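Engineer: Count along the sequence shown starting at 1, add 2, and that's the number in the working numbering. Shown below is the structure under consideration.
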Amino acid sequence: MKKFFVAAVLALFAGIGMTMAQMPDVKIENHQGNVISTRSLLKAGKPTIISFWSITCKPCLMELNAINDQMIDWLDEADFQVVAVSIDDTRSSAKAKALASGSGWNDFIVLYDKNQDFKRAMNVNLTPQVFIMDADGKIVYSHTGYTPGSEAELFKIVKSLQ
């Protein structure tokens, strides 16, 4: 019974957020079709917004488009990067690539998690799921879902990491 209780408490905290956890090292495909390590994203040495999305998730697309609309102004005020991680499977990845290309997400790093290994490693259960990593790769913020205007909260946190 005690083991069950400890496991339940740990699962609860894992579900609440992974704050201060480190970015896992997972192999994933980039927009050019090359396999990269997720840890290679840390080489930039700057805060990173990581957004998990899929082609069927309208709130995901709304949030990424809202971030994209603000990106030019935000980059004038803070040095950070945005990583958009598609969790669409192999059958849908071509549609995901076309959607990403057609959405004008030119300032984003777009990755394709076809086997959902990165999704599992980051404990993503619902999309959109957004994480903010500090320059050292520690998760400092996480949220699920999207409400119009909530992208401003993301930028506020990114600015506080400068």
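Even for Gly, the Cβ is constructed at its ideal location relative to N, Cα and C. None of the values given here were measured: they were computed from a predicted structure.
1. Specify, as a first and last residue, the run of the beta strand (DSSP E) that L113 falls within.
2. So T149 and Q131 are in contact, right, with Cβ under 8 Å, and what is the actual spacing, rounded?
3. How far does the alpha helix (DSSP H) with M124 in it reach, from first residue to last?
4. Taking the alpha helix (DSSP H) that K161 falls in, what are its first and last residues?
5. Taking L101 and I57 to be in contact with their CB atoms under 8 Å, please state how far apart those CB atoms are, rounded to whole angstroms.
6. Which residue comes first and which comes last in the alpha helix (DSSP H) that contains W55?
7. Please report the straight-line C-alpha distance between V112 and Q164, rounded to a whole angstrom.
8. Roughly how many angstroms lie between the CA atoms of F15 and D81, to the nearest whole one?
9. By DSSP, does N67 sit in helix, in strand, or in coil?
10. Quickly, what does DSSP pair A135 with across the bridge? List them, please.
11. Whose C-beta lies closer than 6 Å to the C-beta of I89 among residues of the same chain, with five residues either side of it excluded?
12. Counting only the same chain and skipping the five closest in sequence on each side, list residues whose C-beta sits under 6 Å from that of G139.
13. For M20, which of helix, strand or coil comes out of DSSP?
14. Please list, in chain order, all residues of the same chain as K158 whose beta carbon is under 7 Å from its beta carbon, the five residues on each side excluded.
15. For A2 versus P49, is the C-beta spacing smaller than 8 Å?
16. Taking only the alpha-carbon atoms, compute the straight-line gap between N108 and A123 and give it to the nearest angstrom.
Structural biologist: This is what the structure gives:
1. That run of the beta strand (DSSP E) goes 110-114.
2. Their Cβ separation, rounded to whole angstroms, is 14 Å, which puts T149 and Q131 out of contact at 8 Å.
3. Note, M124: premise wrong, no alpha helix (DSSP H); not H, not E.
4. 153-162 is the extent of the alpha helix (DSSP H) around K161.
5. The pair is a contact, with the Cβ atoms about 6 Å apart (cut-off 8 Å).
6. First-last for W55: 50-55, but that is the beta strand (DSSP E), not the alpha helix (DSSP H).
7. Their backbone Cα atoms lie some 23 Å apart in a straight line.
8. Because the pLDDT at F15 is just 40, under 50, the model does not fix this residue reliably, and the value given afterwards should be weighed accordingly. Near 30 Å, if we compare the C-alpha coordinates of D81 and F15.
9. Assigned with DSSP and collapsed to three states, N67 falls in helix.
10. At residue 135 the sequence reads Met, which differs from the Ala that was named. In DSSP, M135 forms a bridge with T50, I141.
11. Annotation for I89: F54, S56, D115, Q118, K121 place their beta carbon closer than 6 Å to its own, counting only its chain and skipping 5 residues before and after.
12. Once the five neighbours on either side are set aside, the close Cβ partners of G139 are Q24, M25, L44.
13. Caution applies to M20, whose pLDDT of 43 falls short of 50 and renders its modelled position unreliable; the model cannot decide the point.
14. The beta carbon of K158 sits closer than 7 Å to no other beta carbon from its chain once the five residues preceding and following it are set aside.
15. Because the chain is modelled from 3 through 164, residue 2 falls outside the range shown and cannot be assessed.
16. The alpha-carbon of N108 is positioned some 26 Å away from that of A123.
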